[in-house]
Amino acid sequence: MVVVALSIEEKAKKVWDEAEETMKHVDSAHIFSVANQSCRQFPMFDAKEITCGPLMGKGGFSNVFEISDITLLDKKEESLQNVKDSPRFKGKQPQSLAFETPTKATTDDARKDDYDEDHYDIDTAREIMSKRCMRFGSARYAMKRLRPDLNELEFARGALDLAIEIKYMSVLMHPNIVKMRGYSNTPRLSLDTFIVMDRLYGTLDERMQTWIQTNAMYKGCCGMTKDSVATQDLLKERLLVAYDLSVALAHMHSLRLLYRDIKPENIGFDIRGDVKVFDFGLVKSLDARFKAKMGAYGYHLTPCTGSIPYMAPEIALKEPYDKEADVFSFCMLLWEIISMEVLFPDYSIRDYFVRVCKENHRPTIPSNGNNSWPGVIKAIVKEGWDRNPQKRPDMKRVGTMIRGLLQDMSCGDETIVNRSAHMLDKSRRSFHNTFSEGNGNGSGHSMGDSSSGRKKLTRRRSSAMAATPATTTTTTTTTTTTMKPDGKPSTTKTGGSTSVHASNVRRESLHLNLDLSELEDVLPS
6 MVVVALSIEE KAKKVWDEAE ETMKHVDSAH IFSVANQSCR QFPMFDAKEI
56 TCGPLMGKGG FSNVFEISDI TLLDKKEESL QNVKDSPRFK GKQPQSLAFE
106 TPTKATTDDA RKDDYDEDHY DIDTAREIMS KRCMRFGSAR YAMKRLRPDL
156 NELEFARGAL DLAIEIKYMS VLMHPNIVKM RGYSNTPRLS LDTFIVMDRL
206 YGTLDERMQT WIQTNAMYKG CCGMTKDSVA TQDLLKERLL VAYDLSVALA
256 HMHSLRLLYR DIKPENIGFD IRGDVKVFDF GLVKSLDARF KAKMGAYGYH
306 LTPCTGSIPY MAPEIALKEP YDKEADVFSF CMLLWEIISM EVLFPDYSIR
356 DYFVRVCKEN HRPTIPSNGN NSWPGVIKAI VKEGWDRNPQ KRPDMKRVGT
406 MIRGLLQDMS CGDETIVNRS AHMLDKSRRS FHNTFSEGNG NGSGHSMGDS
456 SSGRKKLTRR RSSAMAATPA TTTTTTTTTT TTMKPDGKPS TTKTGGSTSV
506 HASNVRRESL HLNLDLSELE DVLPS
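Letter 484 of the sequence shown, counting from 1, is numbered 489 in my numbering, and no numbers are missing.
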């Protein structure tokens, strides 16, 4: 049987032809059709109303810019004019531009000066955002939009990604999930779509680099800890970040949403340093139509989706999967957070599929000496990356265990986790108030693909900001410094058209950034 390869244009047409059907499935997802959650209404902006500042991140599909000014047009009619002139939808009338049920939510931030309630009053939100675009000289918002240099296929996939993300972002309300503040006045499947979101100030990828440097300061020339109190405080800080991430994921799982792209580059920090998960383009609803038959485990969802080296084996090997796939990814990331080292720095993609996914190789967990981990963390990691997903704990249990450890480390003082608990309580009340006031499913746009890399100590590329997707690079020669298991740096040069490191690859199946043909002997047919 001869398989004829499609051209870029043919693949793009196929994506566009199937896009509306894809969005219908998103619209009928469990969170909307069964859980009956309503989408909030968001203000819409014309591209002419927004002045972009510096480029903060450049991703596979999108650029992220700081917003330096919002100047509203005099007439609302002008603001809607460009909808009819969208490159792909010219001549069509806009559909589902506004969310069907306007609701007003209470603030879900821990701080009173966030003026969140102003954002939720749709009649005044545009004006408020225009007047308060800057805060003490710092930008409050960022804009994400498609890159102008994409090919036809990338444009199609990027537009669909944005649509999916906005749809889910319209209902995801949690203090550790970045907030969408508005979007473009375009059809939800448009090349001109953009998203307005809270500006983030750094990623976990960058924060981990800081931890490595700080930890080095606490150690003497022989590697012995000089300041045990400071070292413990640094561990608490890292655990608190892990805890905040766990409760955000547990919240998504409670809504039967699978995140599928856990990695340091998708976890940011706001201006106060609070953890914010972003990039929801790979979110998938666990709906009954995808459930494995005859009571078997998991759901039949897109394989090879996510980011190496955090992708769960069942996803990589085309098996049914469930929320436990996120648990696996979280625990791989938790290993990096606690060890302050890089996962599999010398692995190729093939190495990851063979050694980690098929042969069950896992990173080493220190068991004794000054680098020994708390027993609770050891248990979480070992259970969480078990090859059998049904043996992994759920994310709620993971969060509970980390919280308990933090309390024990603080001699029962809950101050260290009170901030997260308080934020979560406010978010729950905000969520309840919002969705108890109306029904209806909103339209979707999305907020983003993002990925980048940690500087110096990893082979990932450096990031400009907390919303930047990585793409596969196979033709350039680069010099990278990695940390060996013994803690010593190792500098290597790579290059050529066939050498692709695992963590440079993202969304392999979904975005076609990786040719998996060379892995045919590894992957199931």
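For glycine and all other residues, C-beta sits at the position ideal for the given N, C-alpha and C.
Cβ distance (whole Å) where glycine 273 is taken to contact phenylalanine 283 below 8 Å: About 6 Å; that satisfies the 8 Å criterion.
Exposure of alanine 255, with buried meaning 16 or more beta-carbon neighbours within 10 Å: Burial is judged here by how many other beta carbons sit within 10 angstroms of a residue's own beta carbon; alanine 255 has at least 16 and is buried.
Limits of the unbroken beta strand (DSSP E) element including glutamate 71: Per DSSP, glutamate 71 belongs to the beta strand (DSSP E) from 67-75.
Given 8 Å, three or more beta-carbon pairs between the stretch 328-342 and the stretch 250-265: With three or more CB-CB distances shorter than 8 Å, the stretch 328-342 counts as touching the stretch 250-265.
Helix, strand or coil at methionine 299 according to DSSP, with G and I counted as helix: Three-state result, methionine 299: coil.
The stretch 177-192 / the stretch 45-57 touching (three or more Cβ pairs under 8 Å): Taking 8 Å as the limit for Cβ pairs, the verdict is that the stretch 45-57 does touch the stretch 177-192.
Isoleucine 55, DSSP secondary structure in three states: Strand, per DSSP.
Coarse secondary structure for threonine 473, derived from DSSP in three states: Confidence in threonine 473 is poor, its pLDDT being 35 and thus under 50, which makes the residue's placement unreliable; the coordinate value appears in the next sentence. Shown here, threonine 473 sits in coil according to DSSP, grouped into three states, outside any helix or strand.
Reference glutamate 346; option with closest CA among Arg212, Lys241, Glu170, Glu319: Of the candidates Arg212, Lys241, Glu170, Glu319, the one whose C-alpha sits nearest the C-alpha of glutamate 346 is Arg212.
Within the stretch 193-272, ranges of the beta strand (DSSP E) (whole runs, at least 3 residues): For the stretch 193-272, the continuous beta strand (DSSP E) assignments of 3+ residues that do not extend past its boundaries occur at 199-203, in sequence order.
Sequence-distant residues of its chain with Cβ nearer than 6 Å to leucine 85 (five each side left out): Since pLDDT at leucine 85 reaches only 44, below the 50 mark, its modelled position is unreliable, and no value is offered.
Start-to-end residues for the beta strand (DSSP E) that takes in lysine 2: Because the chain in this structure spans residues 6 to 530, residue 2 falls outside the shown range and cannot be described.
Through-space distance from glutamate 159 to cysteine 336, alpha-carbon basis: Looking at the two C-alpha atoms, the distance is approximately 31 Å.
Other residues of its chain near alanine 144: CB distance less than 8 Å, five sequence neighbours each side excluded: So the list reads Gly58, Glu71, Ile72, Ser73, Cys138, Arg204, once near-sequence residues are dropped.
Stretch pair the stretch 383-391 + the stretch 350-360: three plus CB contacts closer than 8 Å: The stretch 383-391 makes no contact with the stretch 350-360: fewer than 3 CB pairs, one atom from each, lie closer than 8 Å.
Span of the alpha helix (DSSP H) around glycine 380: Taken as a continuous stretch (DSSP letters only), the alpha helix (DSSP H) holding glycine 380 covers 380-389.
Status (buried if at least 16 other CB within 10 Å, exposed otherwise) for valine 88: Residue placement at valine 88 is poorly supported in this model, since its pLDDT is 40, which falls under 50; the coordinates still yield a value, given next. The Cβ neighbour count for valine 88, taken over all protein chains shown within 10 Å, is at least 16; the residue is labelled buried.
Integer-rounded CB distance, given that isoleucine 36 should sit under 8 Å from leucine 260: About 5 Å; that satisfies the 8 Å criterion.
DSSP three-state assignment for leucine 165, whether helix, strand or coil: Leucine 165 falls in the helix class under three-state DSSP.
Reduced DSSP secondary structure (H/G/I, E/B, other) of lysine 184: Correct three-state label for lysine 184: coil.
Proximal residues to glutamate 25 (C-beta, below 8 Å), its chain only, five neighbours per side dropped: Cβ contact annotation for glutamate 25 (same chain, cutoff 8 Å, sequence separation greater than five): Leu194, in chain order.
Residues sharing a beta bridge with leucine 287, DSSP: In the DSSP assignment, no residue is bridged to leucine 287.
Lysine 16 - containing alpha helix (DSSP H), residue span: 13-32 is the extent of the alpha helix (DSSP H) around lysine 16.
Three-way DSSP call (helix, strand, coil) for phenylalanine 141 in this model: Phenylalanine 141 falls in the coil class under three-state DSSP.
The alpha helix (DSSP H) enclosing alanine 330, as first and last residue numbers: Secondary structure note for alanine 330: its alpha helix (DSSP H) is the uninterrupted segment 329-344.
Beta-bridge pairing of arginine 47 - partner residues as DSSP gives them: Here residue 47 is phenylalanine; the residue named in the question, arginine, does not match the sequence. Its beta-bridge partners do not exist; DSSP assigns none.
Stretch pair the stretch 400-416 + the stretch 234-249: three plus CB contacts closer than 8 Å: The stretch 400-416, when compared against the stretch 234-249, does touch it at the 8 Å Cβ threshold.
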